[in-house]
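Protein chains in written order, with this note's numbering: chain A, 333 to 478; chain B, 5 to 48; chain C, 981 to 1212.
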Amino acid sequence: MNKNEEKDLPLGTTGHFANMHKWLQRALFVCLVALVLEASFSLPGLLVWFGWPTLSMTEVCDELMKVRWSDDNAECLVPHPLYGANEGEGRTTGPNATAQDQWGIQPRPEYKRIGFRDLVKFRDDRLLREAEAKAQAELIYRTAGS
Amino acid sequence: MSKNEISEQDRRRKKALIVFQVLLYSYLLGLFLFQLHLYSLSDW
Amino acid sequence: MASTTFGVYDAHQDNSKQAQWRADKWMIAGTLLMGTGVLGIFGLPLFFYGLHLQIQAGKAGLSVRPLIVTLIGYLVIIDSSLNSLGWAMDLFANHSLINRVLTAGWGAVFDGGYFWHYNELTVGPYAVGGAGAPGEKGWEISLILGCFCPRLAAAIGLLQMKRWGQQWLIVTCWMGVIVWIGYNLNMTFYADVRYANITFPVWGWWIYDIFYITPFLSLPYLHTVNREIFTD
């Protein structure tokens, strides 16, 4: 190792490790930039994936809960009442449980997979279902009344 | 000379660190591949 | 002029210290923003400007910190902050709207452990909430307390070029190795919970999380740097 080269090295790096330190530095730089970009785009990226701005943030939370327990009646309460009921209360176990799971030593969730902007689709489907059910009920009511 | 001793130690240290890196990254890769294997079995 | 060699040396030391601090102020401001996650995009330019100032000072002949030490120090701070922030939200703010969208939503896309029966966990009669995946809460609590907090302190010591900073960063980076090995194995054993019916099984988690391998990249440097550059 000639003296001039040794002099150009960063403080604390000897010639023997110069190459290794150079590559570590590059990888560290990549990690730093990637980590920061990833962290700052996570929230907006997820919101857009789920259906914002068609759905508000609260509606996204709401649809996520409906998927999690496969239950149209699950609701995202904002704010969640202090000491309020467990969000999964009655949905995971019990006679009216809605959550889909294969229970076992390693449980397997069976909820719906959420693709790009699927929460908007799920909501529209549900609204349609509810409208149809309502129309059906009215029809029965009217038929019964006449 | 003492300079030779140091570089001998450095050589061994460098070798150990390279082995350490190779082991760790191959462990990670192995686990990742194993998870992909599970993925192929169980239709997640 | 009575400018002795010592006087020149002192002036050089003072100038170096000032230049380093000027650069650090920008990098600290940037890191505070980057540590919050969402605001990271605003912190990055501040950090780069500080980095630029440090490189310029080095080129001007001032004795500033080696670039790689700066990168390791700040990267470890960011990595620890992001980890602690996410997990602290999952532990203590798990019913907030932002957490139920960000953490549980992230879970639905990358890691079912953070979506499956989210906010249902209890210990005896006591509500815990957050991720209910087997083993997850144990990792969260022990790593925030036992790994990320000491690591944060060590990184600050390293940036001050203190020997304890270098030594404690070595210790906590080895902890990081255990974390990667153990955490991944836990995930693999409960792979059904973690990966079944999420948006991007397996690939998603690995691509998202691989940039947290900071300890693997720091250890070879910390073990081969000339220790004399760190002071007691």
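Note that beta-carbon positions come from the ideal geometry of N, C-alpha and C, so glycine has one too.
Boundaries of the alpha helix (DSSP H) in which residue i is found, first to last residue
i              : result
residue 1182/C : Where residue 1182/C is concerned, there is no enclosing alpha helix (DSSP H), given that its DSSP letter is neither H nor E.
residue 1050/C : 1047-1072
residue 351/A  : 350-382
residue 1032/C : 1020-1039
residue 1153/C : 1143-1169
residue 1087/C : 1077-1089
residue 1119/C : 1116-1123
residue 400/A  : 389-400
residue 1196/C : 1194-1204
Straight-line gap, residue i to residue j (C-alpha atoms, nearest Å)
i              : j              : result
residue 1160/C : residue 467/A  : 55 Å
residue 1052/C : residue 1198/C : 6 Å
residue 23/B   : residue 1201/C : 14 Å
residue 19/B   : residue 1175/C : 38 Å
residue 1057/C : residue 439/A  : 36 Å
residue 464/A  : residue 393/A  : 25 Å
residue 335/A  : residue 1045/C : Annotation note: pLDDT 49 at residue 335/A (below 50); position unreliable, coordinate value reported separately. Going by the C-alpha atoms only, they are around 22 Å apart.
residue 343/A  : residue 1022/C : 31 Å
residue 472/A  : residue 462/A  : 15 Å
residue 1065/C : residue 1012/C : 12 Å
residue 1007/C : residue 417/A  : 45 Å
residue 1168/C : residue 1054/C : 31 Å
residue 1191/C : residue 1071/C : 23 Å
residue 1162/C : residue 1068/C : 20 Å
residue 389/A  : residue 1081/C : 7 Å
residue 345/A  : residue 355/A  : 13 Å
residue 15/B   : residue 341/A  : 18 Å
residue 459/A  : residue 1188/C : 34 Å
residue 366/A  : residue 1025/C : 14 Å
residue 1215/C : residue 37/B   : Outside the shown range of chain C (981 to 1212) lies residue 1215/C, about which nothing can therefore be said.
residue 5/B    : residue 1206/C : In this prediction, residue 5/B scores a pLDDT of 44, lower than 50, which makes its location untrustworthy; the coordinate-derived value is nonetheless stated afterwards. When rounded, the distance between both Cα atoms is 20 Å.
residue 1073/C : residue 1016/C : 15 Å
residue 1180/C : residue 1209/C : 45 Å
residue 360/A  : residue 428/A  : 52 Å
Where residue i sits in the DSSP three-state scheme
i              : result
residue 1106/C : strand
residue 333/A  : With a pLDDT of 45 at residue 333/A, under the threshold of 50, the modelled position of this residue cannot be trusted; read the value that follows with caution. Coil at residue 333/A, not helix or strand.
residue 441/A  : strand
residue 1211/C : strand
residue 1097/C : coil
residue 1126/C : helix
residue 347/A  : helix
residue 46/B   : helix
residue 341/A  : coil
residue 41/B   : helix
residue 415/A  : coil
residue 464/A  : helix
residue 406/A  : coil
residue 1002/C : helix
residue 449/A  : coil
residue 928/C  : Examination of residue 928/C is not possible in this model, given that chain C is present from 981 through 1212 alone.
residue 5/B    : The predicted model places residue 5/B with a pLDDT of 44, which falls under 50 and marks its position as unreliable; any figure quoted below should be read in that light. Coil at residue 5/B, not helix or strand.
residue 1016/C : coil
residue 421/A  : coil
Neighbour list for residue i in chain C, Cβ cutoff strictly below 9 Å
i             : result
residue 381/A : 1085, 1089 and 1179
residue 21/B  : 1199, 1200, 1203 and 1204
Proximal residues of chain C, C-beta to C-beta of residue i below 7 Å
i             : result
residue 471/A : By Cβ distance, chain C contributes nothing, its closest Cβ being about 36 Å from residue 471/A, past 7 Å.
residue 40/B  : 1182
Per DSSP, cross-strand counterpart(s) of residue i
i             : result
residue 433/A : 441/A
Residues that residue i contacts on chain B, provided the C-beta gap is smaller than 8 Å
i              : result
residue 1161/C : 31
residue 1157/C : 28
residue 1168/C : 35, 38, 39 and 42
Contacts of residue i in chain A (Cβ-Cβ under 9 Å)
i            : result
residue 14/B : 346, 348 and 349
Partner residues on chain A for residue i, Cβ-Cβ distance less than 8 Å
i              : result
residue 18/B   : 348, 349 and 352
residue 1176/C : 440, 441 and 442
Contacts of residue i in chain C (Cβ-Cβ under 8 Å)
i             : result
residue 342/A : 1046, 1047 and 1048
residue 458/A : Ordered by position in chain C, no residue passes the 8 Å Cβ test against residue 458/A, which lies about 17 Å from the chain.
residue 370/A : 1188 and 1191
residue 378/A : 1081, 1082, 1085, 1086 and 1089
residue 360/A : 1048, 1051, 1052, 1055, 1194, 1197 and 1198
Contact set between residue i and chain A, taken where Cβ atoms lie within less than 7 Å
i              : result
residue 11/B   : 348
residue 1100/C : 418, 419, 420 and 424
residue 1194/C : 363
9 Å Cβ cut-off: residues of chain B touching residue i
i              : result
residue 1037/C : Those do not exist, as residue 1037/C stays about 30 Å from chain B at its closest Cβ, beyond 9 Å.
Test: residue i CB closer than 8 Å to a CB of chain F
i             : result
residue 989/C : Checking the listed chains, one finds no chain F in this structure; the protein chains it contains are A, B and C.
Neighbour list for residue i in chain B, Cβ cutoff strictly below 7 Å
i              : result
residue 1164/C : 35
residue 1171/C : 39 and 42
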